[in-house]
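See below for the structure under consideration.
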Amino acid sequence: MTAYIKTVLRSIRNSIGRFVAIFAIIALGVGFFAGLKLSMPSFRETGNEFLQDGQLFDFRLVSTIGFDDEDVSRLRRIKGVRSVQGAYTADAVVLIDGNNELVYTVRFHSLTDGVNIPKLIEGRMPQTPNEIVVDEYNMKSDVLGKKIRLSGDNPTSTTDIMKYDEYEVVGLIRSPYYLNFQRGNSDVGSGNIGFYIYAPAESFDSEFYHEVYVKYDNDDFIFSEEYDDFVSLVEKNLEKDTETVINDRFDTILRDTYTELYDAQDELDDKRREASEELEDGLRELRDASDELKDARQELEDGEKELKDARKTLDDSAADLASARRKLDDAEASINSGKKELEQAQSEIDSNRAKLESAKAEINDNIKQVNAGIDQANATITDLQGKLPQIEAGIDQVSGQLEQLYAARDAGEDVDEQIAECEAILEELQGNKSACQTGIAQAEAMIDELSAKIPLLEAGLQEIADNEKALDQGQAEVDSSRAKLNTAIKEYESGLAQYNDGKARLKDGEDKYKDALKKYEDGVAEYEDGFAEYMDGWREYAENKEKFVNEIGRYERELEYAWREIAKVKKPETYVMGRDTNVGYVSFDNDSRIVDGITKVFPVFFFALAALVCSTTMSRMVSDERTQIGTMRALGYSEFAIVMKYVLYSGSASVSGCIAGYLGGSKLFPYVIWEVYRMMYGFADITFVGSIWVFLLALAVSVICSIGVTVVTCMAELTGMPADLIRPKAPTAGKRILLERIPFIWKRFMFLHKVSCRNVFRFKKRMWMMIIGIAGCTSLLITGFGIRDSIDGIVDYHYDNVMPYDGSAIADRAGDKELREALDETNATLGTKYIYSTARVKSVTHQGRDMIRDVSLILSDDPEITKFTIPIDYYTGEHLAWPSQGNIAISSKLADKNGLKAGDTITLSYDDGAKTITARIEYVFENYIFHYAFMSGATYEELTGEVYRPDQAFVIRDDSGVEPWKFMSMLSEICDIKMWTLTSDFRTSFSETMKQLNLVVILVIACAAGLAFIVMFNLNNINISERIREIATLKVMGFNRLETGSYVFRENIILVIIGFIFGIPLGRLLHAFVIAQIEMDTVTFVTKVLPLSYLWSVLFVSAFTVIVDLVMRIKIERIDMAESLKSVE
């Protein structure tokens, strides 16, 4: 080993701190530069490998008339094409087996060969048409083997395309078609695609392919200029070829359509002619039938007249018979009555005659009895008159006896019994006398009475004789009447015979009439049937004629409409869309460019500070070894050899630092940043990419920063003579500073403070190096903390101040009224007071200047909606009203990215771009997550012609303690809810993303902190090294440890404060630039740095300053005063 090499190694060993400082600053700068510079290539290489394996399409072809197999076959014949595949797509609402409460909006894709090949992560690929593989990013392993069923809420456009209602999940995949987490929007279900599904082409039932994917035989790197040039080269030809293929099929369809129309016209004419002939034949038949009906009608009328006449004759005959019958009945009644009267008269005569005979006999008997009674009475009188003297004699006898007996009694004799007996006899005799007298009187009375009856009886006999004469006269009259009656009976019998004969004739006439009537009625029925058939014929004729007229008219109108429509038919539109229309592909490109954009700023700072450190370090080293340089020149070493010594020193430090920094940074930074972006791009693990050019560039910058500065410094010192170099360099002359010209401040400074102020400005190079280093480190720390401030709290601020609702629910079929009633019922059931508002959220897209963005268009006419989605003016912070009629409001990010402002117009697309909404922007509102637009329901109806139907409810919780998920669950039970979401879920999701971004922030802060420490350590080390004799002098003068340290570090404090003054505004500018570079499309970062972040940045640098001062204080204490003061000698 030569002395020269030993000298170099000795220099490294003796100044190992200086060597390590150069190594560290270069390693840090190169690591930061290489890590950030290689992050984008690593990301793109990762994406390129994934897309090459999956053969992502180069072009996606869409036609307004679709594609058929012949179209695809013709496209395959295009030169340079590797694969052309027709594909089907369908958006659907599905349910997963075992979780029927949740519905998902999905997008079905057909599996294609050679293009858009999904990567199987778990399970297997479909083997039957009803097997599918699903999105691994959003689905987990437990879905394997489960059934996915189409919901009944799918539109017919979906159910008509899908061949099956149920599919079995057999695998999890990652598709090159979907690079990031965005799955797109849909017009079915919730409007947002939850996950994608790939199924065999046999799973679809469609006559035409919905799109065609084209993959050229080219594997240029994604996003490369070669690929872009290739795409530009073939795109126009592909557009022409696609347009030719589609137009050829369109012309064929058009020709076939014209042929069909002409054939339809001919067929219509033939049918019109045939129908006209059939109608004419029918009309002739109807007219003939009408003539026949008229004849039949005339015959019926004649028959009816004859029947009426016959009926009249029969009725007259019947009337005559009835009259004769009545007369016969009257005669019969009269005869019967006469008979009865004659019989009664005869009976009366006979009865009277019998009575007269009986009366006559009785009178005669009575006369006899009267005479007998008179005779008997006369005999009785004679008998009684003969007995009366005897009775009177006996009375006289008995009376005499009594008188004797009375006298004897009076005499006292007991003759009472005898008296009694005599009195009884006397009484009996007197009674008999009275009876005799009475009998005589009665007999005499009877004789008188009977004698009086004899004339009456004789008068009776005379009356009877008179009556007998009357009876004889009556009998004569009866006999005369009987003779008349017999004559009437004979007449009656003759009339009855005539009546019976007339009745028989009438019956015969009735029978003939009935036969004639039946024939007539049969004729009438036959006529009516014929007439009904005739009328049916007319109706059928009228109906057929009307049907003919209507159908012919309809066919004519349809043909006319078809002719008009075909006349208006324009050439089909074809769309040749490259990868730049794929949201995931474009987002991946933009996000990788964001990382690359940071390399434009941060490494510049790091390399600038590295150059600063190297310059200061090597300048001091060359200055310290000035005497050694002079000695080497005196010994005959060439300038080149002397310079190479220091070049080897600084070069070895920078090259080794460059290698270490490149190897570490190229792995650490891409890995950390990829982990951040894994939340959005989880399709593969990162593939690390090395770049010799990046290494050479970093090496070149490192060499320039170290060796270049070393060469310049050495050459400046070598300009002097060896004798001058051997002698110590004269100290820098002092100058008055600005503060000295301000007496009222300067005079108040202490002596040592004045010395410190002079020393700060005395060494201007060191001063500027220190200020720039401190300012640079401070600005980097402020940027790091500022990124955290811009990221931190965005989610909470957005959901607390911009969209403060706690959850939303989308109804399946319920309208605004039903949804509100369900919300009220939910509040009543749970005892809550959740407030709510109804709206409709429609998924639309906006074709911006750089990419297509998904936008959520919130439609509402509810005045309460501004409590749930608060429109805050983006520029003034003023709370605004909901957009007025005919206007729209858009979110700030959407406006900024497309250069839009209030008063401009914006066009939003939906239904896969088939429909658009163009409206004037009323204002731009503050928003931080996703892209939104506000519009009233009335404006939506006015601009689209579609009916606005609110189907979504936003709710804000109350203080009841009932969690929003419980409220939503109850609402789902009460109302048919398609899906519901909670704000807390979004908060958690975005918070996780923000936590990943914090890794980058921590990395930046750590690098900035390390850089700050290295700069501070190196500059302070040089400062102390330059002033060893000055410090030794202070110690000899009796300055104690604290005073010596304060004397030295007071200057550092002043320079650090000045560095803060420059570093804080520089950090603010750097932070604004970095935020503009790293901002995501779906998240708006607020360009802000909190006062606390400024404070932390200042405190970090201050802490490094204190730490460095403490370390340097040890070095100050180790200074040997004697050796230091004689070092010049």
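Note that this note's numbering has the sequence shown beginning at 2, numbered continuously upward.
Idealized CB from N, CA, C, for every residue including glycine.
Query: Could you work out which residue in L427, Y259, L385 and A466 is closest to E561 when comparing CA atoms only?; Result: Y259
Query: Per DSSP, which one or two residues make a beta bridge with I889?; Result: I922
Query: Can Y806 and L860 be called in contact, C-beta distance under 9 Å?; Result: no
Query: Could you pull the start and end residues of the beta strand (DSSP E) that I811 belongs to?; Result: G808 to A812
Query: From the DSSP output, in three-state form, read off E208 for me.; Result: coil
Query: Which whole-angstrom value describes the C-beta separation of L385 and C437, a residue pair presumed to lie in contact below a C-beta threshold of 8 Å?; Result: 5 Å
Query: Rounded to whole angstroms, how far is the Cβ of A840 from the Cβ of D977, which I believe are closer than 8 Å?; Result: The pair is not a contact, with the Cβ atoms about 18 Å apart (cut-off 8 Å).
Query: Among L636, Y535, E333 and G387, which residue has its Cα nearest to the Cα of E494?; Result: E333
Query: Who are the near neighbours of Y647 in its chain, counting only those whose CB is closer than 6 Å to its CB and skipping five residues on each side?; Result: T711 and C715
Query: Determine whether the beta carbon atoms of F205 and I162 lie at a separation below 9 Å.; Result: yes
Query: For N1200, name the three-state secondary structure that DSSP assigns.; Result: Not covered by the structure: residue 1200. The range shown for the chain is 2 to 1130.
Query: Kindly indicate which residue of E927, I866, M971 and N928 has the alpha-carbon position closest to the one of G938.; Result: I866
Query: Using the C-alpha atoms, what's the distance from G662 back to L1056?; Result: 29 Å
Query: For L623, which of helix, strand or coil comes out of DSSP?; Result: In the sequence on display, residue 623 carries Val and not Leu. The answer is helix: DSSP assigns V623 an H, G or I state.
Query: Are the beta-carbon atoms belonging to L972 and A829 less than 9 Å from one another?; Result: no
Query: For V82, which residues in the same chain have their Cβ closer than 8 Å to its Cβ, ignoring the five residues on either side in sequence?; Result: L76, V215, K216, Y217 and D218
Query: Would you call P864 buried or exposed, if buried means 16 or more other Cβ atoms sit within 10 Å of its Cβ?; Result: exposed
Query: Which residue comes first and which comes last in the alpha helix (DSSP H) that contains Y941?; Result: G938 to T945
Query: Could you tell me the boundaries of the beta strand (DSSP E) in which R175 lies?; Result: E167 to R175
Query: Taking contact to mean 3 or more Cβ pairs, one atom from each stretch, closer than 8 Å, check whether the segment 784 to 801 and the segment 948 to 967 are in contact.; Result: no
Query: Counting C-beta neighbours from all protein chains within 10 Å, is the total for P42 16 or more, i.e. buried, or is it exposed?; Result: buried
Query: Closest to I705 by CA distance: which of L1035, D310, M619 and F745 is it?; Result: M619
Query: Among the residues of its own chain, which have a CB less than 6 Å from the CB of K434, if the five just before and after it don't count?; Result: I392
Query: Give me the DSSP bridge partner(s) of T90.; Result: H110
Query: Span of the alpha helix (DSSP H) holding L37?; Result: I17 to G55
Query: Would you report the Cα separation of Y876 and G900, rounded to the nearest angstrom?; Result: 14 Å
Query: Would you mind working out which of G808, G904, G832 and D905 sits nearest T870, comparing C-alpha positions?; Result: G808
Query: Going by CA-CA distance only, name the one from Y210, S707 and G172 that's closest to T617.; Result: S707
Query: Please state whether DSSP places W981 in a helix, a strand or coil.; Result: strand
Query: Thinking C-alpha only, which one of T833, L881, K868 and I918 is nearest Q848?; Result: I918
Query: Compare the Cα-Cα distances from K328 to each of G631, E492 and S207 and report the closest residue.; Result: E492
Query: Can you tell me whether DSSP reads M163 as helix, strand or coil?; Result: strand
Query: I need the boundaries of the alpha helix (DSSP H) containing D136, first residue and last residue.; Result: Run containing D136: none in the alpha helix (DSSP H); it sits in the beta strand (DSSP E), E132 to D136.
Query: Would F1086 and S791 be called neighbours here (beta carbons separated by less than 9 Å)?; Result: yes
Query: Would you check if there are 3 or more beta carbon pairs closer than 8 Å linking the segment 168 to 185 to the segment 140 to 160?; Result: yes
Query: On the three-state DSSP scale, how would you describe R256?; Result: helix
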